[in-house]
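So for the sequence shown, the working numbering puts the first residue at -12; every next one is plus one.
Where a beta carbon is used, it is the ideal one built from N, C-alpha and C, also for glycine.
Computed from a predicted model, the values in this text were never measured in an experiment.
First the structure, in the form of structure tokens, and then the observations on it.
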Amino acid sequence: MTRTVETKPYDDQKPGTSGLRKKVPVFQQENYAENFIQSIFDALDGFAGKDLVIGGDGRYFNREVIQIAIRMAAANGFGRVIVGKGGILSTPAASHLIRKRKAFGGIILSASHNPGGPHEDFGIKYNADNGGPAPEKLTDAIFARTKTISRYRIADFDPVDIDTIATTSAGGMAVEVVDPVADYAELMESLFDFDAIRRMFAGGFRMRFDAMHAVTGPYAKEILEHRLGAPDGTSRNYHPLPDFGGHHPDPNLVHAKHLYDEMMGPDAPDFGAASDGDGDRNLVIGKGIFITPSDSLAMLAANAHLAPGYKAGLKGIARSMPTSGAADRVAEKMGVGMYETPTGWKFFGNLLDAGMATICGEESAGTGSDHVREKDGLWAVLLWLNILAVRGESAKDIVTKHWATYGRNYYSRHDYEEVESERANALVGVLRAKLKSLPGTRVRGMTIAAADDFAYHDPVDGSVSEHQGIRILFEGGSRVVLRLSGTGTSGATLRLYVERYEPDPDRHDIDTQEALADLIGAADDIAGIRSHTGRDAPSVIT
Ligand code: G16
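Right, here's the structure in full:
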């Protein structure tokens, strides 16, 4: 039986950089998840009888919302839902499944790298038929709908068994429960030289993969250990847990510090990697060398042709605006297009669909390619392994040779988390107001060449996205960027991105924070970060 339930709008359902993210108790309010899911369906057209992919990263409340989504999909007229067994689907695996099965779209339940548990974060995002995050036009329509919603439709049937691989029927709709790993693993085998990587492991190569008790555990176990022959124990923390074992599944130098310490220690394996809550981010660390996400993008792009899936070369490279310009130098040398987009993977979708870019990446530990329409943590790890296997050199050698060829972009991000929203907005407002007066000004011995509030003109559909981050460019190519995060769930997070280009190989081994000290100081002089936020230091430095 299908019911129409009357409801009242909530006023806080604006999707952020990547869907709607809130604390679990917020999602547990009466009709909160239902309102948002119905608003998604109401913003879409033409899905009657079509397929919908549903899965999540296994975090607390995942299973409950999966049942709600299934019942609402049936009531709203979908013909079939394709659900990952146990409610599990990594974000890139969901993207692949949508594309492979030509589904109408997918609902992915995740708050990405944010912590999970009864008092932590939850999220809902919608991906379109290209497998990618809903474009801004659609998220705007969903948000508009959340403000006027007065009813939702839901079918009444017992909870569906999502732990057995089978196709059943519920409320007149097919419910297909699938292995979350199989299709994805097959896709990886089609892109990379598994034989070469297998030989490398058989020859004694050792790696550590930390799944951080999040969704990539089963994927890493299957691909690295079962298919590639890495020794048992290569994957750590591989059981997805609803609270991620009480940890923050964010693969960065703060939350994966244990991995960093191991990789810098005397018994370090050859390569270390980690992924986040929903499996789209990656951290890669060579023995004795951390590789920044921006550098990783540049190095993967420069070497991608060594993997079978990319042997024809790249059509173009795209990066988010705050990501360092290291990849730009690779694109220039290759003679391919380079695109600078706002933060948010959704902005890469058009470029990938139009065949203008093959590889994309972000400073926030995301790298991916046109194989899906999401960033993909394990993909990045496997491409690194493929490159290491073919080149037969250490990660450290590959990195230092890359810098010698292209120069080094020193890069760091400073986050000020949970700042009062009013204070953060005031900082941005004051800074915006003085942008025009900045060029020509000297700060700490450096001259500001240009300053603006980044606006993106999508070359494919002509849409314009404004206010995407404040850029202050110095003569000589250094820059600082300031923007407010769109993924936090309490207060505001101010991000300061700092970059300095150093062509001289003799100056490639300076400590990063030291290399950037003047720019960090200059950013504070210009934006008044400490006075506005009331903080003496950032909460996270990556
Ligand atoms: C999301 C987006 C990314 C973005 C990141 C950080 O990643 O998909 O494109 O770079 O958030 O965004 P912000 O700086 O606004 O917090 P994820 O992994 O959280 O889905």
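Check, Outcome
"Tell me, please, whether the stretch 345 to 360 touches the stretch 74 to 89 by the rule of three or more beta-carbon pairs shorter than 8 Å.", "yes"
"On a Cα-Cα basis, can you pick out the residue from L418, N114 and D448 that is closest to K89?", "N114"
"Threshold first: 4 residues or longer. Then list the alpha helix (DSSP H) segments lying entirely within the stretch 154 to 212, N to C.", "169 to 178, 181 to 189 and 203 to 207"
"On the three-state DSSP scale, how would you describe P238?", "coil"
"Quick check: the stretch 428 to 445 against the stretch 327 to 346, are at least 3 beta-carbon pairs closer than 8 Å?", "yes"
"What residues match up with D439 in a beta bridge as DSSP calls it?", "R458"
"Evaluate M59 with the Cβ neighbour count: other Cβ atoms within 10 Å of its Cβ, from every protein chain shown; 16 or more gives buried, anything less gives exposed.", "buried"
"Could you check what DSSP says for R400 in three-state terms: helix, strand or coil?", "strand"
"Which value, in whole angstroms, describes the spacing of the CA atoms of I53 and I141?", "13 Å"
"Is H100 near the ligand G16, judged by its Cβ being under 7 Å from some heavy atom?", "yes"
"Judging by CA-CA distance, which residue of K298, L418, R395 and D512 is the nearest neighbour of R431?", "D512"
"Would you mind reading off the limits of the alpha helix (DSSP H) that contains N337?", "G336 to D340"
"Excluding the 5 residues flanking K208 on each side, which residues of the same chain have their C-beta closer than 7 Å to its C-beta?", "S222 and Y225"
"How is D(-1) classed by DSSP in three states: helix, strand or coil?", "coil"
"Kindly indicate which three-state DSSP category V292 falls into: helix, strand or coil?", "It should be noted that the sequence gives His, not Val, for residue 292. DSSP places H292 in helix when its eight states are reduced to three."
"Could you tell me the boundaries of the alpha helix (DSSP H) in which K298 lies?", "No alpha helix (DSSP H) contains K298, which DSSP labels as neither H nor E."
"Check D108 in the structure and name its three-state DSSP category.", "strand"
"The beta strand (DSSP E) that contains R130, what's its start and end?", "For clarity, residue 130 is Phe in the given sequence; the question names Arg instead. Unbroken run through F130 is the alpha helix (DSSP H), E123 to T133; no beta strand (DSSP E)."
"Quick check on DSSP: helix, strand or coil for P12?", "helix"
"Find the nearest neighbour of A189 within the set P205, A261, V202 and L211, judged by alpha-carbon distance.", "L211"
"I need the boundaries of the beta strand (DSSP E) containing E407, first residue and last residue.", "Counting along the chain, E407 falls outside any beta strand (DSSP E), and DSSP gives it neither H nor E."
"Excluding the 5 residues preceding and the 5 following R195 in the sequence, name in chain order all residues of the same chain whose CB lies nearer than 7 Å to its CB.", "T221, R223, L246, E249, P256 and G259"
"Just reading off the alpha helix (DSSP H) that F28 is part of, what are its end residues?", "Y19 to A30"
"Using the rule of at least 16 other Cβ atoms within 10 Å of the residue's Cβ for burial, across every protein chain shown, is E350 buried or exposed?", "buried"
"Quick check: what's the CA-CA separation for Y393 versus S311?", "13 Å"
"For S531, which option in G66, G331 and A344 has the closest C-alpha, if you only look at C-alpha atoms?", "Because the chain is modelled from -12 through 529, residue 531 falls outside the range shown and cannot be assessed."
"Sorted by chain position, which residues of the same chain lie with C-beta nearer than 7 Å to R466's C-beta, five sequence neighbours on each side aside?", "R458, I459, L460 and E486"
"Find out if the Cβ-Cβ distance for the pair H100, G264 is shorter than 8 Å.", "yes"
"On the DSSP letters alone, give me the boundaries of the beta strand (DSSP E) that I95 sits inside.", "G92 to L96"
"Do I528 and H389 have their C-beta atoms closer together than 8 Å?", "no"
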